[in-house]
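Chemist:
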Amino acid sequence: MRKSNTNELAKQLKAMRNPKLIGTSIGKVTKTNPLTVSIADGLVVLTEGEDLSVCEKLKKKKYTVKFTWENGSLTANISGETASHEAVTGSVTGQTKGTEEGEITIDPEIKKGDMILVVPSADEQSWIAVDRIGE
């Protein structure tokens, strides 16, 4: 009598319909521009602008800061690409009145070899680079 392969075929069909997902992962930066992260022991490579989105925390940002002071009171207005903060206040000694404007750049300095937390969409067709993992 011949042995039936029906159970084995059913197992294989089930595996095809229910693939194992990778899930939230820690990946290694392989390139910084565009940000490219390797996960699953190098089997999956994610590239910014293709299948990888990057949280603002990992992006370089520039802000304009305008300081105004009068009679010992200091106000700083900060504006930029991703945020605007009005009326950060403090105190100043010296000159009684003035204005100064400058630029601040905040750069997370992502480097090749850094470890990055990446979170997948439900179908793992796109990913989000969330943050750098400690050094």
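Sequential numbering of the sequence shown, starting at 1, is according to our numbering. The beta carbon of each residue, even a glycine, is placed where N, CA and C say it ideally should be. Quick caveat, the model's predicted, so the values are computed rather than measured.
#1: Quick check: does the Cβ of S38 come within less than 7 Å of any heavy atom belonging to the ligand HEM?
#2: Using a Cβ distance threshold of 8 Å, determine whether the region 57 to 72 contacts the region 18 to 27, with at least three qualifying pairs required.
#3: Since S38 is in the beta strand (DSSP E), which residue starts that stretch and which ends it?
#4: Is V37 buried or exposed, if buried means 16 or more other CB atoms sit within 10 Å of its CB?
#5: Could you pull the start and end residues of the beta strand (DSSP E) that D131 belongs to?
#6: Determine, using beta carbons only, whether K31 and K112 come nearer to each other than 8 Å.
Modeler: Per the coordinate set shown:
#1: With respect to the ligand HEM, the structure offers nothing, as it holds no ligand at all.
#2: no
#3: L35 to I39
#4: buried
#5: W127 to R132
#6: yes
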